[in-house]
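Inspection log for the structure reproduced underneath, given as structure tokens.
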Amino acid sequence: MKRVKEALSNLIVPMISISFGFLAGAIIMLLSGNNPVTGYVALLQGVFGEIYYFGETLRMMTPLIFSGIAVAFAFRTGLLNIGVEGQLIVGWLASVAVGSMFDLPMILHLPLALLVGAVAGAVWGFIPGILKARLHVHEVIVTIMMNYVALHVSNYIIRTYMLASGQRSDYVSETASLSSEFLRGMTDFSRLHWGFFLAIAACFVMWFFLWKTTKGYELRSAGYNQHASSYAGMNVKTNIVMSMMISGAFAGLGGAMEGLGTYNYVQILQGFTNLGFDGIAVALLGGSTSIGIFLAAFLFGGLKIGSSNMQATAGVAPELVEIVIALIIFFVASSYFIRWYLNRRQSKKEGK
Amino acid sequence: MEYVIEMNDIRKEFPGIVANDNITLQVKQGEIHALLGENGAGKSTLMNVLFGLYQPEKGEIKVRGKKVEITDPNVANDLGIGMVHQHFMLIDKFTVTENIILGLEPSRYGTIDLKKAEKEVARISEQYGLRVDPKAKVEEISVGMQQRVEILKTLYRGAEILIFDEPTAVLTPQEIKELIDIMKKLIKEGKSIILITHKLKEIMAACDRCTVIRRGRGIGTVEVAKTNENELASMMVGREISFKVEKAEADPTDVVLNIKDLVVKDTRGVDAVNQLNLEVKAGEIVGIAGVDGNGQTELIEAITGLRKAESGTISVSGKQLTNLPPRKVTEAGVGHIPEDRHKYGLVLDFTVGENILLQTYYRKPYSKNGVLYYPTMYEKARKLIEEYDVRTPSEKTLARALSGGNQQKAIIAREVDRSPNLLIAAQPTRGLDVGAIEFIHRKLVEERDKGRAVLLVSLELDEVRNVSDRIAVVYEGKIVAIVDPKTTSEQELGLLMAGGKLEKAGESGS
Chain A
1 MKRVKEALSN
11 LIVPMISISF
21 GFLAGAIIML
31 LSGNNPVTGY
41 VALLQGVFGE
51 IYYFGETLRM
61 MTPLIFSGIA
71 VAFAFRTGLL
81 NIGVEGQLIV
91 GWLASVAVGS
101 MFDLPMILHL
111 PLALLVGAVA
121 GAVWGFIPGI
131 LKARLHVHEV
141 IVTIMMNYVA
151 LHVSNYIIRT
161 YMLASGQRSD
171 YVSETASLSS
181 EFLRGMTDFS
191 RLHWGFFLAI
201 AACFVMWFFL
211 WKTTKGYELR
221 SAGYNQHASS
231 YAGMNVKTNI
241 VMSMMISGAF
251 AGLGGAMEGL
261 GTYNYVQILQ
271 GFTNLGFDGI
281 AVALLGGSTS
291 IGIFLAAFLF
301 GGLKIGSSNM
311 QATAGVAPEL
321 VEIVIALIIF
331 FVASSYFIRW
341 YLNRRQSKKE
351 GK
Chain B
1 MEYVIEMNDI
11 RKEFPGIVAN
21 DNITLQVKQG
31 EIHALLGENG
41 AGKSTLMNVL
51 FGLYQPEKGE
61 IKVRGKKVEI
71 TDPNVANDLG
81 IGMVHQHFML
91 IDKFTVTENI
101 ILGLEPSRYG
111 TIDLKKAEKE
121 VARISEQYGL
131 RVDPKAKVEE
141 ISVGMQQRVE
151 ILKTLYRGAE
161 ILIFDEPTAV
171 LTPQEIKELI
181 DIMKKLIKEG
191 KSIILITHKL
201 KEIMAACDRC
211 TVIRRGRGIG
221 TVEVAKTNEN
231 ELASMMVGRE
241 ISFKVEKAEA
251 DPTDVVLNIK
261 DLVVKDTRGV
271 DAVNQLNLEV
281 KAGEIVGIAG
291 VDGNGQTELI
301 EAITGLRKAE
311 SGTISVSGKQ
321 LTNLPPRKVT
331 EAGVGHIPED
341 RHKYGLVLDF
351 TVGENILLQT
361 YYRKPYSKNG
371 VLYYPTMYEK
381 ARKLIEEYDV
391 RTPSEKTLAR
401 ALSGGNQQKA
411 IIAREVDRSP
421 NLLIAAQPTR
431 GLDVGAIEFI
441 HRKLVEERDK
451 GRAVLLVSLE
461 LDEVRNVSDR
471 IAVVYEGKIV
481 AIVDPKTTSE
491 QELGLLMAGG
501 KLEKAGESGS
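Line order of the protein sequences matches chains A and B. Numbering-wise (UniProt numbering), the first sequence opens with residue 1 and increments by one. Numbering-wise (UniProt numbering), the second sequence opens with residue 1 and increments by one.
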């Protein structure tokens, strides 16, 4: 009974947050002279209206699921990984490098490219992990800085070694690509690729690892209480490093989704992709649970894809959609107030 | 009209339970009135009703003979009722004065008049003998001092009736004595005090009358001068309680724990344990007596692998354990009931079951090929919960939700069940009520009788004297004497703990 109640409140609070976000967005649309009803109808149509849009939404979700998992995984073990963005960029670069430079049969090539993407992200997570474990350097600072290093190093490598035409590298060979004629055909030639199913699998892996394995138990224990964990004989330092590496590997795979799936190449980035930073919001909105992350990624992906239709058919500026997203995050972050209000109402009812 | 507070037939229900079932509490002007009950008996609920945090279903409250409705804490404040909370509500970075005036700052031209405030604080603390430095930051002063700041806060707000919520739980014996003096001084100045506690000694030392509640019901009010600890204890628990720990003569056999010339530095880099030697044999309980801060914590941390030993050796049943990591120590059969159960003993956001398996989760049959078998874990947990009488709604309840006594029982279940050669119990009964204390002492003796070595570290002299077969007195990181509890008085122990020597010294020394 209590569990049901808890699960319900875990669902209700994000729902209220999202509604507040949309409501605030509607007010802003009104103030800026747009019709919120037309705007939101266009947004919905931009996600569900055509199979192409829906395919694009699922495509957009894919890296967001990975970056959300990366953030949530670190968070569950007591770490704040703000470096998902950088880990994602190096994963993208590394997977495309393997995908475009070798000729191997697909059964080897694709897994190898994915693996190298994950390893690159893990290496990028290892650095803040080992600094935290050995020297108590706060991981937030290191991961933020590592984002810039990742961005500029990868741009340098692309420019120097990989440039094929304009601002981008060669395409990855077909044996390393996640693109799928079948999925494209089904979704009216959207860029939906096999990676979407890998993302679903990743949700399952995260849940299984954290809640069903011995190592997951240790990592969660260290996340809640380091002192009790070392008292119980767990090696907290190793666990910190390991947790950052696993988080980084998920992020790196998120980058591989873009490199091997959506684009099939890597380009010189003018700035951050924001996929990693959005992962923080996805994890937060999803309550750091697998299902929550999946749903939150769908919402964020939908908002991003639907926004172009909002602009095209309802004439709402895309900036406004960004504002709505920001407002939703704002209300999720302040969900404490919503929870507090619900609890107060609850206890008042019981008190009377 | 002699009662300053009357709470008549108070009834307060929560979903599923009646927390207060027609309790009556009458406090006279100028007395220290104890409110005694076990953890979870309903003391805090009753006081929260008085302080306006809960509304009762039934019953009336009179303050100075006048019927009142206390709808929220502000009303209580206006009536002169102040609460000294168990967990201090202070801002570390603020000074003593800033904390005291918080919310009622005297202002001048829109700025806070700190000078005036400091003078006022100094005046009040002078009047009631509450020595504090008004300019010191809260984070820099001792816990006892912080408590005085809490008391000053209520006095500054004009409280006439002070509620102390388990004030001694966090204090050292010296600070407890000072607190009792302060309370007596407050009475002399015309205040009235309600003392919430489950410590009988303090009631006998400080209070005039005592109201006992048990499982939400009022059992009665007695004059402290006309009763004794045993009577109060049985009123509280509902059965006879023996303070004397029943145990047969110890039958020590082989040496289990052997510590030689151990040196351990504390966090500041000072030698907290300094050339310490100690032996504990199978089948005996050795109690370590000492004033807090004489190296007890560092000694235990060194044995259990949580702190590095600079030099010297530690062995258990002949196996060298010096500077091995905690897991290796655990696997050598050392159980450890840690001093700070929230920091070390439990992962509060884990379930009770997950906590009970905290030391063994990685072994078969709970973990196979890296996968945890939760049903097996919870089955084991259920067995131990039953065996050790841990009162929890289920093994899947968060450890955070349990009372202190039940949290401690869960730790004891875990540590004792691993069948260690050596059981280390550090402050095992701190903050617990008599029922739980009795249970824990009985368990320690049971373990001894099964032929295990038990090392007990406690700051409570009574506990050390009652439970131990031998007492090792620690002073400045050394064992200065080993004495027989049956032939050594409390005064003699106190002298040794302070670094003094006994005339008959060395009678059973090492």
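Just so you know, even glycine gets a beta-carbon here, dropped at the ideal spot from N, CA and C.
When the alpha-carbon of valine 255(B) is set against those of Val273(B), Glu240(B), Ser315(B) and Arg209(B), the nearest one is in Ser315(B). Secondary structure at tyrosine 362(B): coil, using DSSP grouped into helix, strand and coil. With 16 or more other Cβ atoms from the protein chains shown falling within 10 Å of its own Cβ, arginine 76(A) counts as buried. In this chain, the beta strand (DSSP E) harbouring glycine 220(B) covers 217-223. Nearest Cα to aspartate 469(B) within the set Gly318(B), Ala453(B) and Asn20(B): Ala453(B). Taken in chain order, the complete alpha helix (DSSP H) segments of 4 or more residues contained in the segment 267-303 of chain A are 275-285. Annotated three-state conformation of threonine 71(B) is coil, per DSSP. Residues of chain A whose Cβ lies closer than 8 Å to the Cβ of glutamine 359(B) are, in chain order, Ala232 and Gly233. Secondary structure of lysine 153(B) (DSSP, three-state): helix.
For arginine 11(B), the enclosing beta strand (DSSP E) begins and ends at 3-14. DSSP places glutamate 85(A) outside any beta strand (DSSP E); the residue lies instead in the alpha helix (DSSP H), whose first and last residues are 84-101.
With contacts defined by Cβ atoms closer than 7 Å, alanine 481(B) and valine 474(B) do not form a contacting pair. If you ignore the 5 residues before and after methionine 60(A), its C-beta comes within less than 6 Å of the C-beta of Gly301, Lys304 and Ile305, all in its own chain and listed in chain order. From the listed residues Ala159(B), Val371(B), Glu175(B) and Thr429(B), the smallest Cα separation to isoleucine 187(B) is found for Ala159(B).
With the criterion set as a beta carbon lying under 9 Å from some beta carbon of chain A, the members of the segment 313-343 of chain B are Pro325, Pro326, Arg327, Lys328, Val329, Thr330, Glu331, His336, Pro338, Asp340, His342 and Lys343, in sequence order.
For methionine 83(B), no alpha helix (DSSP H) segment is defined; the enclosing uninterrupted segment is the beta strand (DSSP E) at 81-84. Judged by DSSP in its simplified three-state form, alanine 122(B) adopts helix. Taking a C-beta distance under 7 Å as the contact criterion, glycine 21(A) and leucine 327(A) qualify as a contact pair. For aspartate 292(B), the closest Cβ of chain A is not nearer than 7 Å.
If you draw a straight line from the Cα of asparagine 421(B) to the Cα of alanine 332(B), it is about 8 Å long. Look at the segment 325-383 of chain B and you find these whole runs of alpha helix (DSSP H), each 4 residues long or longer: 326-331 and 352-356.
Look at glutamate 174(A) here: in three-state DSSP terms it is helix. Spatial neighbours of alanine 281(A) in its own chain (CB-CB distance under 6 Å, excluding positions within 5 residues in sequence) are listed in chain order as Ile329.
Proximity to isoleucine 89(A) across Ile246(A), Val153(A) and Arg220(A) peaks at Val153(A), based on C-alpha coordinates.
Inter-segment contact for the segment 269-277 of chain B and the segment 285-304 of chain B is present: three or more beta-carbon pairs are separated by less than 8 Å.
For the segment 369-395 of chain B, the residues whose beta carbon sits under 8 Å from a beta carbon of chain A are, in order, Gly370, Val371, Leu372 and Tyr374. Residues of the segment 248-263 of chain B with a Cβ closer than 9 Å to any Cβ of chain A: none. Using a Cβ-Cβ cut-off of 7 Å, serine 221(A) is close to Val347 and Phe350 of chain B, given in chain order.
DSSP, read as helix, strand or coil, puts histidine 193(A) in strand. Taking C-beta atoms under 8 Å as the contact rule, valine 27(B) and isoleucine 194(B) qualify, at a distance of about 6 Å. Residue Phe54(A) holds the alpha-carbon nearest to the alpha-carbon of phenylalanine 196(A) among Phe54(A), Leu30(A), Ser308(A) and Gly49(A). An exposed status is given to valine 37(A), since fewer than 16 other beta-carbon atoms sit within 10 Å of its beta-carbon.
For the pair leucine 260(A) and alanine 113(A), the CB atoms are nearer than the 7 Å cut-off.
Taking 7 Å as the cut-off, the beta carbon of valine 352(B) is found closer than this to the beta carbon of alanine 410(B). Any Cβ of chain B closer than 7 Å to the Cβ of asparagine 225(A) would place that residue at the interface, and such an atom is present.
Measuring C-alpha to C-alpha distances from glycine 305(B) to each of Pro325(B), Ser317(B), Ser311(B) and Val286(B) identifies Pro325(B) as the nearest.
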